[in-house]
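Trainee: Note that the working numbering numbers the sequence shown so that position 377 is 454, with each residue one more than the last.
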Amino acid sequence: MFARSLSIAGIARSVRPVGAAAAAGLTVRHSRYLATATSPVTTSEDKVKGKKGTAILLMNLGGPESLDAVQPFLTNLFSDPDLIPIPFQSKLAPIIAKRRTPKIQDQYAAIGGGSPIRMWTEKQGQAMDKLLDQLSPSSAPHKSFIGFRYASPMTHEAVQAILDQGYDRAVAFTQYPQYSCSTTGSSLNELYRQLRVLDPNNTIQWSVIDRWPTHKLLVKAFADRIRAALETYPEADRNKVTLLFSAHSLPMTVVDRGDPYVHEVAATVHAVMAELGNKNAYRLAWQSKVGPRAWMGPQTSDVLESWGKKGVDNVLLVPIAFTSDHIETLFELDLEYLEEAKERGMKGVKRVESLNDSQVFVEAMADVVKGHLERGERASALLPLQCPMCTKDSCKDAKQFFCGEA
Numbered sequence: 078m079f080a081r082s083l084s085i086a087g088i089a090r091s092v093r094p095v096g097a098a099a100a101a102g103l104t105v106r107h108s109r110y111l112a113t114a115t116s117p118v119t120t121s122e123d124k125v126k127g128k129k130g131t132a133i134l135l136m137n138l139g140g141p142e143s144l145d146a147v148q149p150f151l152t153n154l155f156s157d158p159d160l161i162p163i164p165f166q167s168k169l170a171p172i173i174a175k176r177r178t179p180k181i182q183d184q185y186a187a188i189g190g191g192s193p194i195r196m197w198t199e200k201q202g203q204a205m206d207k208l209l210d211q212l213s214p215s216s217a218p219h220k221s222f223i224g225f226r227y228a229s230p231m232t233h234e235a236v237q238a239i240l241d242q243g244y245d246r247a248v249a250f251t252q253y254p255q256y257s258c259s260t261t262g263s264s265l266n267e268l269y270r271q272l273r274v275l276d277p278n279n280t281i282q283w284s285v286i287d288r289w290p291t292h293k294l295l296v297k298a299f300a301d302r303i304r305a306a307l308e309t310y311p312e313a314d315r316n317k318v319t320l321l322f323s324a325h326s327l328p329m330t331v332v333d334r335g336d337p338y339v340h341e342v343a344a345t346v347h348a349v350m351a352e353l354g355n356k357n358a359y360r361l362a363w364q365s366k367v368g369p370r371a372w373m374g375p376q377t378s379d380v381l382e383s384w385g386k387k388g389v390d391n392v393l394l395v396p397i398a399f400t401s402d403h404i405e406t407l408f409e410l411d412l413e414y415l416e417e418a419k420e421r422g423m424k425g426v427k428r429v430e431s432l433n434d435s436q437v438f439v440e441a442m443a444d445v446v447k448g449h450l451e452r453g454e455r456a457s458a459l460l461p462l463q464c465p466m467c468t469k470d471s472c473k474d475a476k477q478f479f480c481g482e483a
């Protein structure tokens with residue numbers, strides 16, 4: 078999500094392969110450091126120009142792959158009115174980005190020099206493509222394209238690549254399982270804007286996977302990661318470990334507007350706990366609060382501090398709204414929260430590994446797309462419904478377009 082980039086901005090002051098999945102197995106091992114991505118905008122090496130199949134646009138935040146890319150990334154982020162509505166945005170965004178760049182560069186340097194989110198998205202997309210070709214031959218060949226919101230390859234690059242390669246069927250697939258207007262909503266608004274420019278005649282038939290917070294394989298992927306982490310504790314202590322689920326927070330102004338994100342994150346947590354048999358105590362907390370305004374709480378860092386004072390030692394931190402590692406997990410959780418907790422004497426605090434190269438997660442992605450295509454749906458039943466207090470025409474127009482109401 079947009080967590081660390083927002084929180085450091087200061088802007089508020091103003092598993093195993095199953096069945097056919099074995100053929101799509103990932104070979105990349107988990108890494109907490111930068112891995113250079115060498116693929117182009119598309120995530121498959123196959124040349125499919127001229128062939129009919131299904132393009133799958135993987136929508137996500139993105140992240141700077143090098144220290145030099147930090148300032149452009151921040152400029153794009155601060156220029157997004159869906160994420161940070163500020164007056165005189167086009168003029169202020171570059172100024173804010175330039176001011177914040179040195180601090181952000183230091184943080185990316187601490188995790189290896191850049192974000193690994195593109196590398197993981199490419200690996201996940203390539204494996205999903207191969208699996209989908211087996212599971213859904215009628216819609217094959219499948220080819221995933223990365224469309225990041227604030228870093229290359231950006232939405233317009235992905236749309237142009239899909240057009241250049243002759244696709245007339247595409248699925249916009251959010252990599253934020255829980256919907257928020259600040260994330261998936263922003264990506265869909267940008268996709269709509271770019272399609273009006275790049276494909277005004279609507280030569281591509283689009284549909285949208287706009288949320289999937291309780292999909293059974295997504296839940297299993299999270300549960301498998303948690304089980305693996307619990308096994309690192311002494312057997313007698315495993316059921317006594319407290320699980321602290323952490324997701325990016327939202328300003329209460331967004332929550333009060335009716336954004337569904339908080340409820341959908343909670344739904345994921347409840348589903349994961351049910352998969353685990355509800356054997357451990359748990360809480361859901363929120364990270365990356367910015368400035369003095371009210372945000373959804375309690376804050377993850379505050380919970381850890383409070384538990385430390387109360388003698389709670391064995392705590393397993395679970396990033397529940399992220400599908401791969403990036404600055405929020407590698408820096409904020411690992412280098413800030415966990416280190417601070419250990420300095421306070423909480424020796425049993427650990428973090429669950431992110432989904433990254435989870436085979437079950439790849440199966441989840443493929444199953445979500447397969448089901449979506451089989452049902453022939455344009456979007457979820459929830460997408461047409463604007464937040465109760467939302468008055469943005471941009472949201473209304475994008476929703477109407479993707480739901481076939483325009």
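By construction, the Cβ of each residue, glycine as well, lies at the ideal position given by its N, Cα and C atoms.
Have a look at 482, 449 and 243 and flag the residue whose alpha-carbon is nearest the alpha-carbon of residue 287.
Mentor: Your numbering for residue 287 matches position 210 in the sequence shown. Minimum Cα distance to residue 287 is reached at 449.
Trainee: Which residues in the same chain have their Cβ closer than 7 Å to the Cβ of residue 408, if we skip the five residues on either side of it in sequence?
Mentor: To locate residue 408, count along the sequence shown from 1; it is residue 331. Excluding positions up to five away in sequence, the list reads 81, 184, 187 and 188.
Trainee: Is residue 165 buried or exposed, if buried means 16 or more other CB atoms sit within 10 Å of its CB?
Mentor: Stepping through the sequence shown from its first residue, residue 165 is reached at position 88. Burial call: exposed.
Trainee: Return helix, strand or coil for residue 272, following the three-state DSSP convention.
Mentor: For the purposes of this step, residue 272 is identified with residue 195 of the sequence shown, where counting begins at 1. If DSSP states are grouped into helix, strand and coil, residue 272 belongs with the helices.
Trainee: Measuring only the C-alpha atoms, how far is residue 138 from residue 270?
Mentor: Working through the sequence shown from its first residue, we reach residue 138 at position 61. Working through the sequence shown from its first residue, we reach residue 270 at position 193. Their Cα atoms are separated by approximately 17 Å.
Trainee: Taking Cβ positions, are residue 231 and residue 222 nearer each other than 9 Å?
Mentor: Locating residue 231 in the sequence shown gives position 154, where the first residue counts as 1. Locating residue 222 in the sequence shown gives position 145, where the first residue counts as 1. Going by C-beta atoms, residue 231 is not nearer than 9 Å to residue 222.
Trainee: Are the beta-carbon atoms belonging to residue 158 and residue 471 less than 9 Å from one another?
Mentor: Here residue 158 refers to the residue found at position 81 of the sequence shown. Here residue 471 refers to the residue found at position 394 of the sequence shown. In this structure, residue 471 lies closer than 9 Å to residue 158 by Cβ.
Trainee: Among 417, 426 and 400, whose alpha-carbon lies nearest the alpha-carbon of residue 436?
Mentor: Numbered from its first residue, the sequence shown carries residue 436 at position 359. Measuring from the Cα of residue 436, the nearest candidate turns out to be 400.
Trainee: Taking Cβ to Cβ, would you say residue 334 is nearer than 9 Å to residue 467?
Mentor: Counting from one through the sequence shown, the residue named residue 334 turns up at place 257. Counting from one through the sequence shown, the residue named residue 467 turns up at place 390. The answer is yes: Cβ separation under 9 Å.
Trainee: Between 365, 427, 387 and 134, which has its C-alpha nearest residue 261's C-alpha?
Mentor: By one-based count along the sequence shown, residue 261 stands at place 184. If we check each option's Cα against that of residue 261, 134 comes out closest.
Trainee: Pick out the complete alpha helix (DSSP H) segments inside the segment 396 to 469, 4 residues or longer, and give them in chain order.
Mentor: Those alpha helix (DSSP H) runs which fall completely within the segment 396 to 469 and span 4+ residues are 416 to 420 and 436 to 452.
Trainee: Determine, using beta-carbon pairs with one atom in the segment 385 to 402 and one in the segment 311 to 323, whether at least three such pairs fall under 8 Å.
Mentor: A contact exists between the segment 385 to 402 and the segment 311 to 323.
Trainee: Taking all protein chains shown into account, decide if residue 280 is buried (16 or more other Cβ within 10 angstroms of its Cβ) or exposed.
Mentor: Locating residue 280 in the sequence shown gives position 203, where the first residue counts as 1. Counting Cβ neighbours within 10 Å, residue 280 comes out exposed, since fewer than 16 surround it.
Trainee: Nearest CA to the CA of residue 274: which residue from 360, 208, 190 and 236?
Mentor: Working through the sequence shown from its first residue, we reach residue 274 at position 197. Nearest of 360, 208, 190 and 236 to residue 274, Cα basis: 236.
Trainee: For residue 359, which of helix, strand or coil comes out of DSSP?
Mentor: Taking the sequence shown and counting its residues from 1, the one referred to as residue 359 is at position 282. Three-state result, residue 359: strand.
Trainee: To the nearest whole angstrom, what separates the beta carbons of residue 150 and residue 227, a pair I think is in contact under 8 Å?
Mentor: Within the sequence shown, residue 150 is the residue found at index 73, counting from 1. Within the sequence shown, residue 227 is the residue found at index 150, counting from 1. Confirmed, about 5 Å.
Trainee: If you follow the alpha helix (DSSP H) that residue 153 is part of, which residue opens it and which one closes it?
Mentor: On the sequence shown, position 76 is the one that residue 153 refers to. Taken as a continuous stretch (DSSP letters only), the alpha helix (DSSP H) holding residue 153 covers 147 to 155.
Trainee: Name the DSSP beta bridge partners of residue 249, please?
Mentor: The residue you call residue 249 lines up with position 172 of the sequence shown. DSSP, once it has assigned bridges, lists 134 and 285 as partnering residue 249.
Trainee: Could you check the C-alpha separation between residue 265 and residue 475 for me, to the nearest Å?
Mentor: Locating residue 265 in the sequence shown gives position 188, counting from the first residue. Locating residue 475 in the sequence shown gives position 398, counting from the first residue. Spanning the two alpha carbons is a distance of roughly 7 Å.
Trainee: Using C-beta distances below 8 Å, list every residue in its chain close to residue 329, excluding the 5 sequence neighbours before and after it, in chain order.
Mentor: If you number the sequence shown from 1, residue 329 lands on position 252. Cβ within range, chain order: 370, 371, 372 and 373.
Trainee: Using a 10 Å radius around the Cβ and a threshold of 16 neighbouring Cβ atoms, would you call residue 98 buried or exposed?
Mentor: Here residue 98 is taken as the residue at index 21 of the sequence shown, counted from 1. For residue 98, the predicted structure reports a pLDDT of 40, less than 50, and the residue's modelled location is therefore unreliable. A value from the coordinates is still provided. Burial call: buried.
Trainee: Report yes if the C-beta distance between residue 444 and residue 292 is below 9 Å; otherwise report no.
Mentor: To locate residue 444, count along the sequence shown from 1; it is residue 367. To locate residue 292, count along the sequence shown from 1; it is residue 215. In contact: residue 444 and residue 292 (Cβ atoms closer than 9 Å).
Trainee: Pair every Cβ in the segment 375 to 383 with every Cβ in the segment 415 to 427, then say whether three or more of these pairs are closer than 8 Å.
Mentor: Yes: the two stretches touch, three or more of their Cβ pairs being nearer than 8 Å.
Trainee: Just list the alpha helix (DSSP H) runs in the segment 330 to 391, keeping only unbroken ones of 4 residues or longer that don't cross its boundaries, in chain order.
Mentor: Those alpha helix (DSSP H) runs which fall completely within the segment 330 to 391 and span 4+ residues are 338 to 352 and 377 to 386.
Trainee: Alpha carbon to alpha carbon, what distance is there between residue 268 and residue 457?
Mentor: Indexing the sequence shown from 1 puts residue 457 at position 380. Indexing the sequence shown from 1 puts residue 268 at position 191. Whole-angstrom Cα-Cα distance: 17 Å.
Trainee: Pull up the CB-CB distance for residue 439 and residue 352, whole angstroms please, since I reckon it's below 8 Å.
Mentor: Within the sequence shown, residue 439 is the residue found at index 362, counting from 1. Within the sequence shown, residue 352 is the residue found at index 275, counting from 1. With 8 Å as the limit, residue 439 and residue 352 do not qualify as a contact, their Cβ atoms being about 18 Å apart.
Trainee: Using beta-carbon positions only, say whether residue 256 and residue 338 come within less than 9 Å of one another.
Mentor: In the sequence shown, residue 256 corresponds to position 179, counting from 1. In the sequence shown, residue 338 corresponds to position 261, counting from 1. Cβ distance < 9 Å, so residue 256 and residue 338 count as in contact.
Trainee: To the nearest angstrom, how far is it from the Cα of residue 240 to the Cα of residue 143?
Mentor: Counting from one through the sequence shown, the residue named residue 240 turns up at place 163. Counting from one through the sequence shown, the residue named residue 143 turns up at place 66. If I take the Cα positions, the gap works out to 29 Å.
Trainee: Let me know the beta strand (DSSP E) ranges lying completely inside the segment 298 to 329, each 3 residues or longer, listed in chain order.
Mentor: Complete beta strand (DSSP E) runs here, min 3: 319 to 325.
Trainee: What three-state label does DSSP hand residue 129 in the structure shown?
Mentor: Counting from 1 along the sequence shown, the entry for residue 129 is found at position 52. Reduced to three states, the DSSP call for residue 129 is coil.
Trainee: Could you check where the beta strand (DSSP E) with residue 221 kicks off and where it finishes?
Mentor: Taking the sequence shown and counting its residues from 1, the one referred to as residue 221 is at position 144. Looking at the DSSP string, the run of the beta strand (DSSP E) that includes residue 221 is 219 to 225.
Trainee: Round the Cβ separation of residue 378 and residue 325 to the nearest angstrom and send it over; I've been treating them as touching at under 8 Å.
Mentor: As a working note, residue 378 is residue 301 in the sequence shown. As a working note, residue 325 is residue 248 in the sequence shown. Residue 378 to residue 325, Cβ: 13 Å. No contact.
Trainee: Where does residue 195 land, buried or exposed, given buried means 16+ other C-beta within 10 angstroms?
Mentor: Here residue 195 refers to the residue found at position 118 of the sequence shown. It counts as buried.
Trainee: Exposed or buried, what is residue 406 when buried is set at 16 or more other beta-carbons lying within 10 Å of its beta-carbon?
Mentor: Position 329 of the sequence shown, counted from the start, is the residue given in the question as residue 406. Answer is buried; the Cβ neighbour count reaches 16.
Trainee: Which first and last residues belong to the alpha helix (DSSP H) in which residue 234 is found?
Mentor: The count along the sequence shown starts at 1 and reaches residue 234 at position 157. Here the alpha helix (DSSP H) through residue 234 covers 232 to 241.
Trainee: Using the three-state DSSP reduction, which class does residue 160 fall into: helix, strand or coil?
Mentor: Mapped onto the sequence shown, residue 160 falls at position 83. Three-state DSSP puts residue 160 in coil, outside helix and strand.
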